[in-house]
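Number of protein chains: 2
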Amino acid sequence: MEARTVGIIGGGQLGRMLIEVANRLNIDTVILDAPNSPAKQISNSIKHIDGSFTNAEDLKKLSEICDVMTFEIEHVNVESLKNNTSNTKIYPSIATIELIKDKLIQKQHLIQNGIDVAESIPVASFDKETLLETGSKLGFPFMMKTRTLGYDGRGNFVVKNTESIDQLLKNDPNLKTQSLYAEKWAPFTKELAVMVVRSINNKVYSYPTVETVHVDNICHTCYAPARVDENVQSKARLLAEKTIQSLPSESVGVFGVELFYLENGELLVNEIAPRPHNSGHYTINACIVSQFEAHLRAILGLPLPEGFTSMTTNITNCIMLNVLGKATDKKDEEKLLYENTLNTPGASLYLYGKESRPKRKLGHINIVGNSMQECEAKLQYILGQSTENTTNKKSPEVGIIMGSDSDLPVMSQACKILERFDVPFEVTIVSAHRTPQRMFTYAHDAHQRGIKVIIAGAGGAAHLPGMVAAMTPLPVIGVPVKGSTLDGVDSLYSIVQMPRGIPVASVAINNSTNAAILAVRMLGISNPKYIADMKSFMEVQEEEVIQKAAILEKDGYEEYLHNYKK
Amino acid sequence: MEARTVGIIGGGQLGRMLIEVANRLNIDTVILDAPNSPAKQISNSIKHIDGSFTNAEDLKKLSEICDVMTFEIEHVNVESLKNNTSNTKIYPSIATIELIKDKLIQKQHLIQNGIDVAESIPVASFDKETLLETGSKLGFPFMMKTRTLGYDGRGNFVVKNTESIDQLLKNDPNLKTQSLYAEKWAPFTKELAVMVVRSINNKVYSYPTVETVHVDNICHTCYAPARVDENVQSKARLLAEKTIQSLPSESVGVFGVELFYLENGELLVNEIAPRPHNSGHYTINACIVSQFEAHLRAILGLPLPEGFTSMTTNITNCIMLNVLGKATDKKDEEKLLYENTLNTPGASLYLYGKESRPKRKLGHINIVGNSMQECEAKLQYILGQSTENTTNKKSPEVGIIMGSDSDLPVMSQACKILERFDVPFEVTIVSAHRTPQRMFTYAHDAHQRGIKVIIAGAGGAAHLPGMVAAMTPLPVIGVPVKGSTLDGVDSLYSIVQMPRGIPVASVAINNSTNAAILAVRMLGISNPKYIADMKSFMEVQEEEVIQKAAILEKDGYEEYLHNYKK
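Residue numbers (this note's numbering), protein chains in the order written: chain L, 1 to 566; chain A, 1001 to 1566.
Shown next as structure tokens:
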């Protein structure tokens, strides 16, 4: 595709996933890292450089044989890159890497640009007096962090109170030799992250906001989108975009922006990664263009079409699970995890070609689905926390509810139709007037539980369908059930004559058959199988009438009446 | 993942795509082919063998260093594989390769197993007398084919009539040296193909039936699913499954089954490929597990979960376009094709790392969408046949129709709501009584055109919604429009009281606002953006009422009436 050669500084799993994209696009790449590093395993170019990204000579060699250089790791020898005299473009720029690499400078930059971060101050020396002074400034607990080279929680320490200072000084004496800074404690409820792409023209694009869950300071799972209100998701994206927009010119490529979501609803930027990021692995399966492809497209000036960061039409949720090496006596668990993953439709396994060592990131698993509940059920199965492979037992797509068990004879016709079309459904009693709280809960939670259509039957005043419709964004189908007076017209009017703003899809009186058929047609919007089945169903109906016509034509009306309409 | 080493005979693009999967699953592989062949480019193992799959010594070397051997090409030296004395498993088995490799033996096997194929007879010698005799047996035109080594139309010749025989003998004298057979002409209207997976336990699974379109005997595009009736698709899958089930034991892996769909509606098997196949490339983007991953899983006995051959939930259509090398003076066209592809969301480019030569398969492009029309529009753009990038101009998802322009004041409210939610829609007049043929066409074609929901407004007898619902599998929302008499109750009853089997989702009289909101909720089943927007919309509605309440509480009822309800 591109006549230009891309040099990648670092050959770990992020480099490997960049190479996977480069391979598909015939993009020429050169990797600088140790021999047989994960990225090199999947590219047989003779040009790769065996060496280190902290070695000036190796970086120089790389710059001499490529047109564009980029990073899969920021812990590089910046000085030697500065002295780069070749014409090689470096994206993101050296100034950006320098700014981000030192977390204190990064924080100060963000503060200067009006971006909310936790208060951060330098720590001049690692002794009791300084730490006490820091604690009196920031309050306890506070965080101590090394300014450079930290990752996966390494280089971060919590200073709980004045008493814990002695302990810290004793346990980690080698912190003395490092540049440190202190950060005010951020009382977060969730950790969020947003991948941002910045193009050569300085346009920024953000991917959906995700939620990262850490165990022992290592990212365990990543939920996309984050399980927070949509407004919070939007605010996080805007903040992340603003953050990346604040970086120096030529900050081209993808960036991970980690955020804290505080108890009081505020968002703070935690830190920036100037490269693809673990929290963006979900994009491989869930988004139009993955973070890795977006990075290569950005640094090569290739097209970034409208909406490329969106989740793929109709994938609504994704959970990414990191695969960490197990303890030496538990290698069987790794194998079981892989097997469970391969047994789960919608789950994709990405291994990095690394030797297994305890807690080492060996790969990741992307689980896509149409609700977070579906993804979570698959995750449970993959982790061996549920023996039930939920892929065979589908969660209900239609919820059938009725105001009273006296409606069941009518509503059971809907159940039969859904069984015929193989639509997973649930059926229960929810009364607007006798169980208002239950109705509220049902309507409120249905969408979160993965329900896609609600069928509600009710007679008389028949408030159930309309009240449920008022509390869910899902389509609600109303079945007017005929009562002992007024022939069902009361229920029909009550169900169909909804005010502007809240619709109920009404069907004929007592016709729950049609309610279910309508539900199947609605589900057909996202599942072509239902459309195909609906076509066959309609053909069968047609055939039945044609057969009756043939008999009537053959037998004449009198005999027909005699035989079939007794 | 697997401790076993897989040997792949052949390192072309099919091998490359197998390696891409193997890389992701940490499956150890060894490739036998020329140095730097496409597959080798993306795997730096030092174990690969530089050599030829027609060379006995090279095949022996391969068998000695791997546990399972498989094929990405069937034109191998079968004799040397037969003499393989190592413990290496070969999937599919040598007997299968031998049977398939000689097309005449393959045909005879299929006939013996009761599988419909074009009549095929040996041609003893390449001379006028034999060809005349063959023509008198099979009729003209008939096909002449080489029994082995044919691909992409090479080795196939049409014998039009007695006169064309001399021409053929003169043009292709070297056919004399080849084993030939003749095949009765199959008057096909379309070429179909089905990928079939056979597991180690001899279970067979088929992927959706596709349609291949050839230009100059080379596959140009592949449409998934095939643009034929669903019944034909099912018949084709069953026939393909039966075909693969008929093969000898240990026929493990994926197989491509090419079929002819004849003018009279019959299906004939054309030929089998004992490996991944060009007609299965669409599975990479459109199916739960791709043909390449399925092949590796099958030959390694890894899980093949229920439904793994299905199209991914909610992807309904895919077009695969082969990228062929252009003439030397038209290399710019290749670049433009790539750029257009990268500019098209839902289109993925797979290049094979091959040098460009005219008509050489350099890669392929998978285009996914929610209707064939959407995919075709994207294809046009990619091929430069349309300057309009349809990704920015979405095809309508909702069709608004009404019986008369007198309904427009009511129905225009629906348009406004759809605009507010950014739903692409179309609006027109279709009268059940005055334009019955137009109504039939509209209802019949709507689904094919990519419409997902129809909103139909009508007054008086109000037949339009129900009649349209009778001729489409899509959900139809009916808006009863109030006429000059009966206050709209006539329309309401006519629309809502549909017979069992054909539902219309009725809303309140004149309330096309709610019809549009209902449509948005239905579309939310497949697009989470609409659900999120619906939630915000409901919050805004709530806020508006709360603000009014606050004013009423503050001003008192008299002033409120005076100020706001004049």
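We put the beta carbon where it would ideally sit given N, CA and C, even for glycine.
Model, not experiment: these values are computed from the prediction.
Burial state of residue i, where buried means 16 or more other Cβ atoms lie within 10 Å
| i | result |
| --- | --- |
| histidine 1281 (chain A) | buried |
| isoleucine 1097 (chain A) | buried |
| isoleucine 65 (chain L) | exposed |
| histidine 364 (chain L) | buried |
| glutamine 233 (chain L) | buried |
| tyrosine 261 (chain L) | buried |
| aspartate 1172 (chain A) | exposed |
| serine 1412 (chain A) | exposed |
| proline 475 (chain L) | buried |
| histidine 214 (chain L) | exposed |
| aspartate 1499 (chain A) | Rather than aspartate, the amino acid found at residue 1499 (chain A) in this sequence is proline. With fewer than 16 other Cβ atoms within 10 Å, it is exposed. |
| proline 1409 (chain A) | exposed |
| isoleucine 1517 (chain A) | buried |
| arginine 198 (chain L) | buried |
| tyrosine 1564 (chain A) | exposed |
| glutamate 1355 (chain A) | exposed |
| threonine 85 (chain L) | exposed |
| aspartate 58 (chain L) | buried |
Candidates the options: closest to residue i by CA position
| i | options | result |
| --- | --- | --- |
| glutamate 334 (chain L) | A:Glu1020, A:Leu1025, A:Thr1005 | A:Leu1025 |
| proline 503 (chain L) | L:Gly556, L:Met534, L:Tyr352, L:Ile454 | L:Ile454 |
| methionine 986 (chain A) | A:Glu1397, A:Val1479, A:Ala1462 | In the structure displayed, chain A extends from 1001 to 1566; residue 986 (chain A) sits before or after that span and is not available. |
| serine 1279 (chain A) | A:Lys1326, A:Leu1337, A:Ile1218 | A:Ile1218 |
| serine 1310 (chain A) | A:Lys1170, A:Val1289, A:Ile1073 | A:Val1289 |
| glutamate 79 (chain L) | L:Glu72, L:Ala56, L:Met143 | L:Ala56 |
| valine 1423 (chain A) | A:Ser1431, A:Leu1110, A:Pro1303, A:Met1534 | A:Met1534 |
| isoleucine 73 (chain L) | L:Asp33, L:Lys354, L:Ile495 | L:Asp33 |
| leucine 1138 (chain A) | A:Ile1121, A:Asp1127, A:Asp1445 | A:Ile1121 |
For residue j and residue i, believed in contact at Cβ under 8 angstroms, the rounded distance
| i | j | result |
| --- | --- | --- |
| methionine 1195 (chain A) | threonine 1283 (chain A) | 7 angstroms |
| phenylalanine 1292 (chain A) | leucine 1018 (chain A) | 5 angstroms |
| isoleucine 429 (chain L) | methionine 471 (chain L) | With a Cβ gap of about 17 angstroms, isoleucine 429 (chain L) and methionine 471 (chain L) do not count as contacting. |
| glycine 459 (chain L) | aspartate 407 (chain L) | 6 angstroms |
| glutamate 191 (chain L) | threonine 162 (chain L) | 28 angstroms between Cβ atoms; not a contact. |
| leucine 1104 (chain A) | arginine 1147 (chain A) | 5 angstroms |
| proline 473 (chain L) | serine 506 (chain L) | About 19 angstroms separates the two Cβ atoms, so there is no contact after all. |
Chain-ordered chain A contacts of residue i [CB-CB under 8 angstroms]
| i | result |
| --- | --- |
| methionine 195 (chain L) | Simply none; closest approach about 17 angstroms. |
| isoleucine 288 (chain L) | Pro1345, Gly1346 |
| glutamine 13 (chain L) | Correct list: empty, because the minimum Cβ distance to chain A is about 11 angstroms. |
| proline 528 (chain L) | Met1311, Thr1316 |
| asparagine 44 (chain L) | Asn1036, Lys1040, Gln1041, Ile1042, Ser1043, Asn1044 |
Proximal residues of chain A, C-beta to C-beta of residue i below 9 angstroms
| i | result |
| --- | --- |
| phenylalanine 425 (chain L) | Result: empty, since nearest Cβ-Cβ is about 14 angstroms, beyond 9 angstroms. |
| glutamate 211 (chain L) | Neighbours of glutamate 211 (chain L) on chain A: none; closest Cβ ~16 angstroms, over 9 angstroms. |
| leucine 131 (chain L) | Under the 9 angstroms cutoff, chain A gives no residues; its nearest Cβ is about 45 angstroms from leucine 131 (chain L). |
Neighbouring residues, chain A, relative to residue i (Cβ below 7 angstroms)
| i | result |
| --- | --- |
| asparagine 26 (chain L) | Leu1351, Gly1353 |
| phenylalanine 308 (chain L) | Pro1345 |
| valine 479 (chain L) | Chain A residues near valine 479 (chain L): none, gap ~11 angstroms exceeds 7 angstroms. |
Contacts of residue i in chain L (Cβ-Cβ under 8 angstroms)
| i | result |
| --- | --- |
| histidine 1447 (chain A) | Ile531 |
| glycine 1524 (chain A) | Pro473, Leu474, Pro475 |
Beta-carbon neighbours of residue i, restricted to chain L and to distances below 7 angstroms
| i | result |
| --- | --- |
| alanine 1034 (chain A) | Under the 7 angstroms cutoff, chain L gives no residues; its nearest Cβ is about 13 angstroms from alanine 1034 (chain A). |
| arginine 1420 (chain A) | Result: empty, since nearest Cβ-Cβ is about 12 angstroms, beyond 7 angstroms. |
Residue i: contacting residues in chain L (beta-carbon distance under 9 angstroms)
| i | result |
| --- | --- |
| arginine 1500 (chain A) | Gln413, Ala508, Asn511, Thr513, Asn514, Ile517 |
Contact test: residue i Cβ vs the ligand HEM heavy atom, cutoff 7 angstroms
| i | result |
| --- | --- |
| proline 1424 (chain A) | The ligand HEM is not part of this structure, which contains no ligands at all. |
Q | Cβ contact check for the stretch 283-300 of chain L and the stretch 1512-1519 of chain A: 3 or more pairs under 8 angstroms | A | Touching, no, given that fewer than three Cβ pairs across the two stretches are closer than 8 angstroms.
Q. Three or more beta-carbon pairs under 8 angstroms between the stretch 453-468 of chain L and the stretch 426-440 of chain L, yes or no?
A. The stretch 453-468 of chain L, when compared against the stretch 426-440 of chain L, does touch it at the 8 angstroms Cβ threshold.
Q.
Pairs of beta-carbons, one from the stretch 8-17 of chain L and one from the stretch 26-45 of chain L, closer than 8 angstroms: are there three or more?
A. As far as the Cβ criterion goes, the stretch 8-17 of chain L touches the stretch 26-45 of chain L, which means the pair count is three or higher.
Q. Do three or more CB pairs link the stretch 184-194 of chain L to the stretch 164-176 of chain L at distances below 8 angstroms?
A. Taking 8 angstroms as the limit for Cβ pairs, the verdict is that the stretch 164-176 of chain L does not touch the stretch 184-194 of chain L.
Q) Per the contact definition of three or more C-beta pairs closer than 8 angstroms, is the stretch 519-534 of chain L in contact with the stretch 478-487 of chain L? A) Short answer: they don't touch.
Q: Flag this pair as touching only if the stretch 1316-1328 of chain A and the stretch 251-265 of chain L have three or more C-beta atom pairs under 8 angstroms; answer yes or no.
A: Output reads no: the stretch 251-265 of chain L does not touch the stretch 1316-1328 of chain A.
Q: May I ask you to verify whether the stretch 1368-1380 of chain A touches the stretch 1344-1355 of chain A, counting CB pairs closer than 8 angstroms and requiring at least 3?
A: When C-beta atoms of the stretch 1368-1380 of chain A are compared with those of the stretch 1344-1355 of chain A, three or more pairs fall below 8 angstroms, so the two segments count as touching.
Q. Can you find at least 3 beta carbon pairs, one from the stretch 1245-1257 of chain A and one from the stretch 540-554 of chain L, that sit closer than 8 angstroms?
A. The answer is no - the stretch 540-554 of chain L does not touch the stretch 1245-1257 of chain A, with fewer than three Cβ pairs under 8 angstroms.
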